[in-house]
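Colleague:
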Amino acid sequence: MDLNIRKAIYANISNNDQEQLEATIVDAINNGEEKMLPGLGVLFELIWNHSDEEEKKEMISSLETGIQTDL
Numbered sequence: 469m470d471l472n473i474r475k476a477i478y479a480n481i482s483n484n485d486q487e488q489l490e491a492t493i494v495d496a497i498n499n500g501e502e503k504m505l506p507g508l509g510v511l512f513e514l515i516w517n518h519s520d521e522e523e524k525k526e527m528i529s530s531l532e533t534g535i536q537t538d539l
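Counted the way the numbering used here counts, the sequence shown spans residues 469 to 539.
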């Protein structure tokens, strides 16, 4: 079975506007199901690949703060 998660995620969100994208992210996080993690990973990959170096540094800083706060 050849399942391409990226292509499936892209197909599912390709026509979504900003509100729908936000709702998808919030729902996945609030739901807390492990099966949602690959989709969030694909969304993060899209964000990362379309961010400049300063935005990437901000994301890493936010991630570091979140880890230190939540653990």
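Glycine included, each C-beta is placed from N, C-alpha and C at the ideal position.
Using C-beta distances below 8 Å, list every residue in its chain close to I493, excluding the 5 sequence neighbours before and after it, in chain order.
Modeller: The sequence position of residue 493 within the sequence shown is 25, counting from 1. Closer than 8 Å at the Cβ level, and outside the excluded window around I493, lie L508 and L511.
Colleague: Going straight from the alpha carbon of T458 to that of I528, what length do you get?
Modeller: No statement about residue 458 is possible, as the shown extent of the chain runs from 469 to 539 and does not include it.
Colleague: Using DSSP with H/G/I as helix, E/B as strand and the rest coil, what is S530?
Modeller: Residue numbering aside, residue 530 sits at position 62 when the sequence shown is read from its first letter. Helix, per DSSP.
Colleague: For A496 versus M504, is the C-beta spacing smaller than 8 Å?
Modeller: Counting from 1 along the sequence shown, the entry for residue 496 is found at position 28. Counting from 1 along the sequence shown, the entry for residue 504 is found at position 36. Result yes, Cβ atoms of A496 and M504 sit closer than 8 Å.
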